[in-house]
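Colleague: Just passing along the structure, written as structure tokens.
Residue numbers (this note's numbering): 7 to 327.
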């Protein structure tokens with residue numbers, strides 16, 4: 007049992023680290039080939055930052071534990087709002103009046119509602135439903151590209167381009183390609199380790215993979231977002247934190263579930279349908295409400311978010327006791 011937990015944490019570390027290296031090397035390689043920061047941001051960075059959730063999702067579906075894929079996405083979205091915003095809000099007030107924030111928060115809410123509707127239409131989620139998710143993320147990216155071409159400012163687009171233009175240049179294209187391949191290999195290895203040991207832990211504890219996906223795996227795959235927003239807050243760029251969280255939630259619901267579902271059906275457990283999916287919806291609604299108020303997300307809200315997440319975890323633990 008202890009070995010399985012240690013291997014699970016090792017898998018999360020390998021997954022997150024490899025995903026970061028893959029994005030850095032791929033973006034640097036694309037820049038060296040003359041690709042613009044906008045295109046890199048909307049493709050490599052956008053999908054790369056959600057690569058931990060995506061790899062876990064695809065691996066879960068292809069190994070017959072689709073519940074882990076849906077649990078990871080829903081758990082990650084909850085953690086992104088309550089943890090990734092709650093922590094920096096206790097450090098520094100997060101402004102919500104940035105251009106485009108309300109628009110993107112509304113899209114994240116739409117994606118949450120779309121998932122709920124799809125689940126009630128059919129569970130498990132089938133190929134055609136995942137195809138709709140994929141079409142939605144493609145339309146969203148094309149819309150973002152159009153906004154940029156028109157000179158419109160957008161916090162999520164700004165973050166994607168900013169990360170794409172960061173200087174991670176290695177000594178040669180050959181070394182970038184090697185790093186890229188190692189990153190991809192690490193992602194695949196990390197995803198395999200996580201799914202395998204999540205199933206072992208669930209079996210040994212006589213609980214479902216859903217519980218592991220909603221908690222340990224969800225927080226683990228959300229670490230890039232949590233780390234990014236904390237660093238951004240310390241650097242005096244709290245608006246980046248908000249854009250990163252909203253963007254991550256959109257990509258998790260549309261891209262991760264969409265692409266994962268193309269490889270096989272995604273089961274959504276009855277416990278998620280009766281509880282967790284509504285918590286995810288509440289966090290999405292809360293985010294829209296806070297943004298529309300146009301007041302900074304302050305320390306009180308941050309503390310409330312953290313306590314809410316603690317209560318959520320206790321509810322999950324209580325459900326399996």
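We put the CB at the ideal spot given by N, CA and C, even for glycine.
Spatial neighbours of residue 259 within its chain, please: CB distance less than 8 Å, with the 5 preceding and 5 following residues excluded, ordered by chain position.
Modeller: Answer for residue 259: 79, 83, 114, 117, 118, 120, 121 and 139, listed in chain order.
Colleague: Cβ atoms of residue 218 and residue 207: under 8 Å apart, would you say?
Modeller: If you check the CB distance, residue 207 and residue 218 come in under 8 Å.
Colleague: Please confirm if the stretch 295-313 is in contact with the stretch 93-102, defined as three or more CB-CB distances below 8 Å between the two stretches.
Modeller: yes
Colleague: Residue 268 by DSSP, collapsed to three states: which one?
Modeller: Coil, per DSSP.
Colleague: For the alpha helix (DSSP H) containing residue 306, name the first residue and the last one.
Modeller: 305-326
Colleague: Round the Cβ separation of residue 90 and residue 215 to the nearest angstrom and send it over; I've been treating them as touching at under 8 Å.
Modeller: Going by Cβ atoms, the distance from residue 90 to residue 215 rounds to 23 Å, so no, they are not a contact pair.
Colleague: In this structure, how does DSSP classify residue 131 when only helix, strand and coil are distinguished?
Modeller: strand
Colleague: Smallest Cα separation from residue 149: which of 203, 110, 186 and 269?
Modeller: 110
Colleague: Following the continuous alpha helix (DSSP H) through residue 15, name the residue where it begins and the one where it ends.
Modeller: 8-38
Colleague: Measure the beta-carbon distance from residue 21 to residue 197 and round it to whole angstroms, keeping in mind my assumption that it falls under 8 Å.
Modeller: 6 Å
Colleague: Within this structure, are the beta carbons of residue 31 and residue 186 separated by less than 8 Å?
Modeller: yes
Colleague: Compare the Cα-Cα distances from residue 6 to each of 299, 192 and 256 and report the closest residue.
Modeller: Outside the displayed span of the chain (7 to 327) sits residue 6, for which this structure offers no information.
Colleague: When DSSP labels each residue in this structure, what does residue 213 get in the three-state scheme?
Modeller: coil
Colleague: Output yes or no for whether 8 Å exceeds the beta carbon distance between residue 262 and residue 70.
Modeller: In this structure, the beta-carbon distance from residue 262 to residue 70 does not fall below 8 Å.
Colleague: Can you have a look at residue 278 and say buried or exposed, based on whether 16 or more other CB atoms are within 10 angstroms of its CB?
Modeller: buried
Colleague: Would you report the Cα separation of residue 13 and residue 134, rounded to the nearest angstrom?
Modeller: Using only the alpha carbons, I get a separation of about 35 Å.
Colleague: Could you name the residues that DSSP lists as bridge partners for residue 100?
Modeller: Looking at the DSSP output, residue 100 sits in a beta bridge with 303.
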